[in-house]
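In this note's numbering, the protein residues as written are -18 to 246.
Virtual Cβ for every residue (Gly too), placed ideally from N, Cα, C.
In what follows, a structure is listed as structure tokens, so that the remarks can point back to it.
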Amino acid sequence: MARGAGGKGVNSARASGASRGGGGSTERPLARMFLHPEAFRDGGAVLDGQAFHHAVRVLRMAAGDTLLLLDGSGRGWTARLERVMRSEATATLLHEVPEDASPGREVHLAIPLLKGDRTELVLQKCTELGVSEFHIYPAERSVVRMDGGGGKRERFVAVCRSAAEQCGAFRMPEVRLWDSARAFLEQVRTPGRLIAWEEESALSARDALGGGEPCTLATGPEGGLTREEVDVWAGYGFRPVSLGRRILRAETAPIALCALALCAL
Ligand code: SAH
């Protein structure tokens, strides 16, 4: 059994399988870990970097322990650790596990960079809800500037990875940072397109999200969206929608919008 895997309830999945020692009728959740697709070869996988650190140093897993390895694009396998070295471990894949808990619809989210660690908060919560692509764009009234990214993307990807591992996801969301809203808008591909605007009252987000088709959802910065900005987005097919009569904070609005799109079970 993966020692410590059930510990704090993090990094575990409902999938359970073979355990070391064979004596276990107790089914405990397996530790779950995303690896790069290239880490899988010849019926095995190599854990290094963050995955090695997490399995061996944090969860204190050893040769013979089982875990769930995910390639980030929807495939997962139960696997047994074979050799644990100083900074690398090898594993044998045992059984492919079918993807479960996949979100009911494809949702992409566009948000501006928010103050402090609020962008991370939105990425974490919306990964749990099932967003598959995050797009960070500069808004006219953005309080925080992009400044070329500066390691931000790596941090954002790490936040998404641990949120995805923790909630049972088989896929890693994509994270993209854009230099301009237009560059982002030019490549939007989903049929559904909504932008939450605090000055919209006619169309509610709930009504607009009824369909279930793939959609791109957008929200504005702490300073709000300008009318001109909303007109530009409307030119790319984004319908302005309301999230109710209260003004939500810039981190609350995207979480509420994604919950509306993804939590209608
Ligand atoms: N500073 C602005 C509010 C910005 S709220 C003001 O005081 O008017 C940040 C973002 O959250 C908005 O740009 C919008 O995208 C979204 N938002 C917040 N409340 C909303 C609501 N009731 N309806 C639609 N969008 C909302």
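| Check | Outcome |
| --- | --- |
| Within a Cβ cutoff of 6 Å, which residues of the same chain sit near V140, ignoring the five residues on either side of it in sequence? | E101, L104, Q105 |
| Out of Y217, E232, R226, G192, state which residue places its alpha-carbon closest to the alpha-carbon of G247. | Limits of the chain in this structure are -18 at one end and 246 at the other, which puts residue 247 out of reach. |
| If contacts are defined as beta-carbon pairs under 8 Å, then A12 and M42 qualify, I think. What distance do you get, rounded to the angstrom? | 7 Å |
| Could you tell me the alpha carbon to alpha carbon distance between L206 and T200, rounded to whole angstroms? | 8 Å |
| Say yes only if the C-beta of V100 is nearer than 8 Å to one or more non-hydrogen atoms of the ligand SAH, and no if none qualify. | It is worth fixing the name first, because residue 100 is Thr in this sequence and not Val. Because no heavy atom of the ligand SAH lies under 8 Å away, the Cβ of T100 does not count as near it: no. |
| How far does the beta strand (DSSP E) with R13 in it reach, from first residue to last? | 13 to 15 |
| So, do the region 172 to 192 and the region 147 to 154 have three or more beta carbon pairs nearer to each other than 8 Å? | no |
| According to DSSP, is S143 helix, strand or coil? | helix |
| Using a Cβ cut-off of 9 Å (strictly closer), state whether E232 contacts chain C. | No chain C is present in this structure, which holds just one protein chain. |
| Restricting to Cα atoms, I'd like to know which of G24, F15, A189, D212 is closest to A32. | F15 |
| Exposed or buried, which one is H116 when buried takes at least 16 other CB atoms within 10 Å? | buried |
| If you reduce the DSSP assignment to three classes, tell me which class I117 lands in. | strand |
| What separation, rounded to the nearest whole angstrom, lies between the Cα atoms of H76 and L48? | 11 Å |
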